[in-house]
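Chains as they are written, first to last, in our numbering: chain B, 76 to 418; chain X, 191 to 443; chain W, 88 to 328; chain Z, 280 to 630.
All C-beta atoms in this analysis are idealised placements derived from N, C-alpha and C, irrespective of residue type, glycine included.
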Amino acid sequence: MTDAPDHRPTMAALPFADRLARAMPVLLVPILLVVGFLAIGNPSSWLTLTVSGLAMGMMIFIMASGLTLVFGLMDVINFGHGAFISVGAFVGISVVLGLAEWAQAPSLLLNLGVVLLAVLAAMAVTGLLGWAFERVIVKPVYGAHLKQILVTVGGLIVIEQLIHVIWGPDEIFFARPEMLKGAVTFWGAALEKYRLVAVVIGLVLFVAMRLVFRRTRIGLIVRAGVENGEMVEALGYRLRLVFVGVFIAGSALAGLGGVMWGLYEEVITAGMGEEMMILVFIVVIIGGLGSVEGAFIGALMVGLLQNYIAFLEPKLALISNIGLMTAILMWRPQGMMPVVKAK
Amino acid sequence: MTEVLETSGLTVRFGGHVAVDAVSCAFRAGELTAIVGPNGAGKTTYFNLISGQIAASSGSVRLMGQDIGRLSPSERCKRGLGRAFQLTNLFPGLSVLENVRLAIQAHRPVSASLFSMVSRHTGLTDEAMAVLERVRLATVKDQPVSELSHGNQRKLEVAMLIALDPKVYMFDEPTAGMSGDEAPVVLDLIAGLKAQTDRTILLVEHKMDVIRTLADRIIVLHNGALVADGEPAEVIASDVVQEAYMGKELTDV
Amino acid sequence: MSDPILRLQGVHTDIAQYHILHGVDLEVPRAAVTMLLGRNGVGKTTTLRTIIGHWPARAGTIIYDGADITGVKTPDRARAGIGYVPEDMGIFSDLTVEENMTLAAVSGPLEPTRRDRIFAAFPPLRTFWTSPAGTLSGGQKQMLTIARAMAEERKLYLIDEPTKGLAPAIVSTMAAALRELKTMGASILLVEQNFAVAKALGDHAAVMDDGRIVWTGEMAELAADAALQDRLMGLSMEGGR
Amino acid sequence: MMLHALISGDRPRSRILTALLLAIFLGLLFAPFLFPGVRALETAARISVFILLAASYDLLLGYTGVVSFAHTMFFGMGAYGVGLASQHMGRGYGSLIVGSLAGAALAAAFAFLIALFSLRVRAIFFAMITLAVASAVAVLVSQLSSITGGEDGFTFQIPRALGPANRMGEFMGVQITGKILNYYVVFFCSLILFLVLLRIVNSPFGRVLQAIRENDFRAEAIGYRVVRYRTIATCISAAVAALAGSLFALWLRYVGPDTTLSFELMLDLLLIVVIGGMGTIWGAVIGATLMVLAQTYLQDLMGSAAEATAAIPLLSRLLDPDRWLLWLGVLFILSVYFFPAGIVGRLRAGR
């Protein structure tokens, strides 16, 4: 044999511009924080707005993560995802209202216990509902986007109506548990306690998700399945089970997001999930369909931008998200971190 | 003879993999060129580069002397590049006649006509019927394509190309997956096109007997590069082609 | 061929409305390399995909290791010991080489001895162990696919054109690795266009045409008979060796 | 022959369907005389407008295979166009025309922009982006109450000749008022626009849309610029929806978010087109008629059923007239699974 074995490393170092382009989405949130600071000028207002923006972003992320993952894994877009948000909120808040004595007691332990119970109940119910939804509504329409959209919208209608049947047609007002009311002052900025809790929960969840994705076999299977599901099956993994698991987990997370959002707003309606879905879709689109990291960054940007703009120019706040989406799509038509399918 | 289609230095990379490697080649009017090479040699990718389904990393594609390398597939088709696909690729829910009529109207202003009735454009229908007669599909004209047999779908695929009336015909394994008695019909159609002497035809094909009877010229792709170009008999006999097809002797295993 | 690891009987496969396999009868003996040969588009890849279960067989039976697996789902076929290396390699480019290998070892962590043997066969994989697989070169990716197949004991390997589009030097590396796989006692069903590789590796051969097996026999017999090759595959051209 | 040209050669292709369509047409044409009473006329006008609205939506959903959630936004643009023009320019035919045209132009422009962003990527983007944009616009409209009247909307005046005060004598025992005149304006405008849509889907252009729906990759490969065709279809569909909105506003002499912009309305529209039959304009006629009739009369029925079952707690709630969307949703899901071609497809298949 005359040819030398071609075992030389062939990975060329990426040019600086390419590396910057890759890192750009990650840099957007810090850039937004700095720009917000400069535009607002007042550190304490900025801090207040930032915390509430982050809290909002975290909650949207919790709702969006399941949706985007389900799309990435099985190419299924679930327009009924919003219904799980509403169901979660109603179940969770029912628990809070049912345990009113604990919720209104001035004991942090009891209060948190109520919230924990509410969250667990909500996640259990929405997880179960997600499982049923997948079997009945989604399973027959794999691979057909048009039908998926139609059928899942149908599912959304039915679940929303069922909420009315069970909980009545009116919105429900309630108060947050005692110890989650009010604010703490920090560097002259009033930070609502509940928002801080929301930020912490969101962060913990994101870190946990990342750990699962990076460190566990199930995470590897999901990541590999997003890229090439057929090959994952050929290696011997039952992707269908994994997918159902992700669908259930995503639905449960929507339920969690619903409870958190309900506690944040202190009012719940059957249509709240539908309203949140708008933000969730925007986040999923700008993040890149199928990308959990993209959705995280997108959610934080939507939350921060909405709060900053509401402070700077209230009239523009309504369309700030649409503006953000437009800008991102002009920059990257597939979203910030599109998932590339092998097939 | 004029050069109708020309690629120079045409290259595309996917990641680190060079799928088509600086292919320079000119195709002349009235000539049927067979493109051969082992699986993965880059034949279909070369077609995709010419017809615009994927964008080249470098190099150019010229049609009638004009650079078309940056145009969309639809624009290239308008300028005279007609392409048939390896896997049948039709409008399954529409009728056979409708499929051909769509191909005929594709390059005419009538496609933008919003307020005229399709049934009033009898000229289009007549032309479509003429094409269907030619490929012997006239009797099934009202059937939805999804209900056609595989052989008839392949014929319709050729009919679509004839209906487009392009300057350059590109066939990608037109007889793939056809049974032994169906294939000759399609090959006859291609032979018929060849008889219209001014047409340029590119044909990816594996069956050597087909190539021997149809081709005026063969080019060979191997690992993305053009390794041979010439008369069929002479190319088939060359060492480089033998090697491309058979592989090098493995002395060390 | 008394007790083959795999036997296909009258297998028909449709892809959408296309009838691709028209009754494939095939036996793959144990501990040997069986070459599946034939022109492009005759159904070789479809045969492999039907065996692993990506396409369902419309008719016929697939017997693997004595059991009928015709109705069994892909993951269960894989767990029963069938390894599949697809034509497009099927590597997970977002995952690192290490993660690809971890996934490939389905039943537990990758054994260090196995890993070392893989490193010995494919040194670049050691170099790029923690790099995303998507950044590897074409040849290195192909090494990874074979390495992945070696990550776990499989009884039968289905390998689709492992030398496609590779430089000659890497073709040799690949052939050596396949040979090692064979010495480890595996049975291999190998689709290959490179006839020299087929000749060097194959024990048995099956030639397909138009969705059927048209010839089976010893590889050596086929390799020695240019007229037979021409008749079966149209591969060998005039003046061929 | 004349009829053939009017319906653009697109025959119903089913005897029952033909009979149904004819009944609907005659029923609407003679509505003021056949079904006297305010409520019946109200229903007939609503049916006319919704047939047009659903037909324009089907151009996009059924013929082009694109799902949009912004159709009621365009509908609203037409309605608000007429309302605002009449409010600011004073009552008169000029206001109506200017308002309608401005609404349609705005709708087409908006549709163009949305299409520009989403259609060149993937079709599923379009569904998500239209949903986001439409809801943002709906929120904007209810927030800008100084201009739009906010949640309550606003009433406005139309030319006197079209108002109920204009009495023009009796005909066939029915008092002819401006209201009836107004009905015929709405009916005939809807009819004409409907026939235009029918022509468009049966034109060479319409065939290209169907080809794109069937296989956009191949459509592009034989020389059709897919994005351009989809964009034009989106714009036409939006403009016609806006005109339907204008007619609706003219009839109601009122505009508000609930009657024109709400997401519920969008869902109704989706149900109409899918249940009627996607990809056939006749489906819009059947779907819209059924839907409006159900909305108007079925709710009464449910109300009495709910009263009858008041003793049974859950059942009475399920039968509450406000929950009729629940049953429609179930019907919708079943229809997508089992009758993807809708009622019209069913009738044609059973011919």
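With 8 angstroms set as the bound, which would you pick, yes or no: does the beta-carbon of residue 134(W) sit closer than that to a beta-carbon of chain B? no
Along the region 282-308 of chain X, what residues have a CB closer than 9 angstroms to any CB found in chain Z? 282, 283, 284, 288, 289, 291, 292, 293, 295, 296, 297, 298, 300, 301, 302, 303, 304, 305, 306, 307 and 308
Just list the residues that DSSP pairs residue 219(W) with in beta bridges. 183(W)
Determine which residues share a DSSP beta bridge with residue 135(B) and list them. According to DSSP, residue 135(B) bridges with nothing at all.
Sheet register partners of residue 420(X) (DSSP bridge): 408(X)
Beta carbon proximity, residue 413(X) to chain W, threshold 8 angstroms: yes
Quickly, what does DSSP pair residue 243(W) with across the bridge? List them, please. 169(W) and 274(W)
Residue 97(W) and residue 298(W): beta carbons closer than 8 angstroms? no
With residue 559(Z) and residue 341(Z) assumed to form a contact (beta carbons below 8 angstroms), what rounded beta-carbon distance in angstroms separates them? 7 angstroms
Rank 628(Z), 308(Z) and 284(Z) by C-alpha distance to the C-alpha of residue 465(Z) and give the top, closest one. 308(Z)
Between the Cα of residue 482(Z) and those of 512(Z), 454(Z), 497(Z) and 610(Z), spot the shortest distance and give me the residue it belongs to. 512(Z)
Inter-residue CB distance, residue 360(X) and residue 241(X) (contact presumed, cutoff 8 angstroms): 6 angstroms
Exposed or buried, which one is residue 223(B) when buried takes at least 16 other CB atoms within 10 Å? buried
Below 8 angstroms, can you find three or more Cβ-Cβ pairs linking the region 353-366 of chain Z to the region 530-545 of chain Z? yes
Between the Cα of residue 293(X) and the Cα atoms of 484(Z), 519(Z) and 377(Z), which residue gives the shortest distance? 484(Z)
Starting from the C-beta of residue 414(X), find all residues in its chain whose C-beta is less than 6 angstroms away, skip the five residues before and the five after it, and write them out in chain order. 208, 209, 210, 211 and 232
Could you name the residues of chain W that residue 293(B) contacts, counting a contact when the two beta carbons are closer than 7 angstroms? Within 7 angstroms Cβ-Cβ: nothing; residue 293(B) doesn't reach chain W, min ~11 angstroms.
Within 8 angstroms, strictly: CB atoms of residue 137(B) and residue 332(B): yes
I need the straight-line Cα distance from residue 114(W) to residue 293(W), nearest angstrom please. 9 angstroms
What residue does the alpha helix (DSSP H) around residue 489(Z) start on, and which one ends it? 483-493
Quick check: what's the CA-CA separation for residue 91(W) versus residue 239(W)? 21 angstroms
Go ahead and label residue 300(B) buried or exposed: buried means 16 or more other beta carbons lie within 10 angstroms of its beta carbon, across all protein chains shown. buried
Kindly say whether residue 236(B), judged by its beta-carbon, lies nearer than 8 angstroms to any beta-carbon of chain Z. yes
The region 258-271 of chain X: which residues have C-beta closer than 8 angstroms to a C-beta of chain Z, in chain order? 262, 263, 264, 265, 267 and 268
CB contact below 8 angstroms: residue 618(Z) versus chain X: no
What does the Cβ neighbour count give for residue 252(B), buried or exposed, with the cut at 16 atoms within 10 Å? buried
Whole angstroms is fine: what's the gap from residue 456(Z)'s alpha carbon to residue 551(Z)'s? 31 angstroms
Check whether the region 231-244 of chain B touches the region 153-165 of chain B, taking contact to mean three or more Cβ pairs, one atom from each stretch, closer than 8 angstroms. yes
In chain Z, what lies closer than 7 angstroms to residue 311(X) by C-beta? 483
First and last residue of the alpha helix (DSSP H) that includes residue 403(Z)? 402-422
Straight-line Cα distance separating residue 220(W) from residue 292(Z): 57 angstroms
Could you name the residues of the region 244-259 of chain W whose beta carbon sits closer than 9 angstroms to any beta carbon of chain X, in the order they occur along the chain? 248, 250, 251, 252, 253, 254, 255, 258 and 259
CB of residue 383(X) within 8 angstroms of CB of residue 331(X), strictly: no
Below-8 angstroms beta-carbon distance, residue 191(W) vs any chain B residue: yes
Leaving out five residues on either side along the sequence, give the residues of the same chain with a beta carbon under 6 angstroms from the beta carbon of residue 441(X). Here the model assigns residue 441(X) a pLDDT of 49, short of 50, so the residue's position is not dependable, and the following value carries that caveat. Once the five neighbours on either side are set aside, residue 441(X) has no close Cβ partner at all.
Please classify residue 339(X) as buried or exposed, where buried requires at least 16 other C-beta atoms within 10 Å of its C-beta. exposed
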